[in-house]
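Below is one structure; the comments refer to it alone.
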Amino acid sequence: MEIDIQGVNMVYPNGRQALKGLDLPLRSPSLVGLLGPNGAGKSTLMKLLVDALRPTSGKILVDGRPLAGNERSLKSRLGYLPQDFGLFDELTAAQFLDYMAALKGLRNAKEAVQRALREVRLEEKARARIRTLSGGQRQRVGIAQALLGDPPLLIFDEPTVGLDPEERIHFRTLFSRAGQERLVLLSTHIIEDVQSVCDQLVVLAGGQIRFAGEPAALLRAAQGHVCSFWERQAAGERSLHVTARVHTAEGVRCRAVAQALPAFARPEEPTLEDAYLYLLSQEERP
Ligand code: ADP
Ligand code: MG
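Just so you know, we're using our numbering here: the sequence shown kicks off at 225 and counts up by one.
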């Protein structure tokens, strides 16, 4: 599957421009991590890709054909978890998935539901009413409905919100397996979710793409821009963007990103989180 986003702008009716001149090719198989602060435009981009919104200008091509006019063909190959996904509280998890399978027109609905429940490890809650489930379990029902019928395109908007660390690890594995044969796009602001599993990263801020490429390229861009130092050494220093502070017996150890490292600081190898924060700090400069 190939998706090409070409010169896409999205202005909401209230005049708010959520996306500005987006160009982005997406190729299957891939697990693409969509990163960005709140309000960056991640959900808007995903809504455009699932045809829940139409761009104000520009176009989206799916396998070379414009999305506008071929929505049905896309939707039959799509699993989507919206950011604020409403579940039918009075249904059981299995009933809800049965219903979604019917809407999707799946032939082997029973089997598909069982499989999806298994994939999100919710078999033992199949007969529990959704309103009795924990936040993490509800999120897993949402993920399960997207997986129904094994679609080749999966779009998850903040799928790990509400999941505990153990559940997050499980889903990272699940997403990474899914991305081996499919096109999986997942948005998050949790770097650990994309670290080591996504083969492509897209960083969105202020409605524009700040980075698109392999995680290694994002890391490279931050080489020489990450350091650590004692807090007392940095009194009055304004060029540093502190990303972590650790209290130790000898004082407060800081980690920071900066355009130029001060002489007193010790250079550090960037992590993906450093690299992401460095990129965003660059954009914040006037
Ligand atoms: P993200 O998912 O990255 O947090 P969104 O795509 O939800 O970002 O929002 C991007 C921008 O568009 C924000 O400034 C948000 O306030 C605005 N926005 C989102 N939805 C609407 C809407 N329905 N009407 C007007 N503005 C909106
Ligand atoms: Mg969002």
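Cβ atoms here follow ideal geometry from the backbone N, Cα and C, with glycine treated the same way.
Just to confirm before moving on: does the CB-CB distance between residue i and residue j stay below 8 Å?
i, j, result
"residue 467", "residue 501", "yes"
"residue 325", "residue 350", "no"
"residue 455", "residue 412", "no"
"residue 395", "residue 407", "no"
"residue 433", "residue 248", "yes"
"residue 377", "residue 301", "yes"
"residue 404", "residue 253", "yes"
"residue 284", "residue 269", "no"
"residue 330", "residue 373", "yes"
"residue 267", "residue 307", "yes"
"residue 258", "residue 410", "yes"
"residue 505", "residue 465", "yes"
"residue 280", "residue 225", "no"
Excluding the 5 residues flanking residue i on each side, which residues of the same chain have their C-beta closer than 7 Å to its C-beta?
i, result
"residue 309", "366"
"residue 304", "274, 370, 379"
"residue 347", "341"
"residue 510", "With a pLDDT of 48 at residue 510, under the threshold of 50, the modelled position of that residue is not reliable, and no figure is offered here."
"residue 415", "496, 497, 500"
"residue 460", "none"
Which residues in the same chain as residue i place their Cβ atom closer than 8 Å to its Cβ, once the five residues preceding and following it in sequence are excluded?
i, result
"residue 333", "322, 325, 326"
"residue 452", "477, 478, 479, 480, 489, 490, 492"
"residue 230", "247, 282, 283, 284, 285"
How about residue i: is its C-beta nearer than 8 Å to some C-beta of chain D?
i, result
"residue 478", "No chain D appears in this structure, which consists of one protein chain only."
Judging by CA-CA distance, which residue of the options is the nearest neighbour of residue i?
i, options, result
"residue 345", "364, 473, 287, 369", "364"
"residue 389", "417, 337, 368", "417"
Under DSSP, the beta strand (DSSP E) around residue i begins and ends at which residues?
i, result
"residue 227", "226 to 235"
"residue 389", "Careful: residue 389 lies outside any beta strand (DSSP E), inside the alpha helix (DSSP H) at 389 to 402."
"residue 379", "377 to 381"
"residue 429", "424 to 429"
"residue 242", "241 to 251"
What are the partner residues of residue i, as DSSP defines its beta bridges?
i, result
"residue 283", "230"
"residue 480", "451, 466"
"residue 433", "428"
Terminal residues of the continuous alpha helix (DSSP H) containing residue i?
i, result
"residue 365", "359 to 371"
"residue 356", "No alpha helix (DSSP H) holds residue 356; DSSP gives it neither H nor E."
Go through its chain and collect everything with a Cβ distance to residue i's Cβ below 6 Å, but skip five positions before and after it.
i, result
"residue 511", "Nothing about residue 511 can be reported from this structure: the residues present for the chain run from 225 to 510 only."
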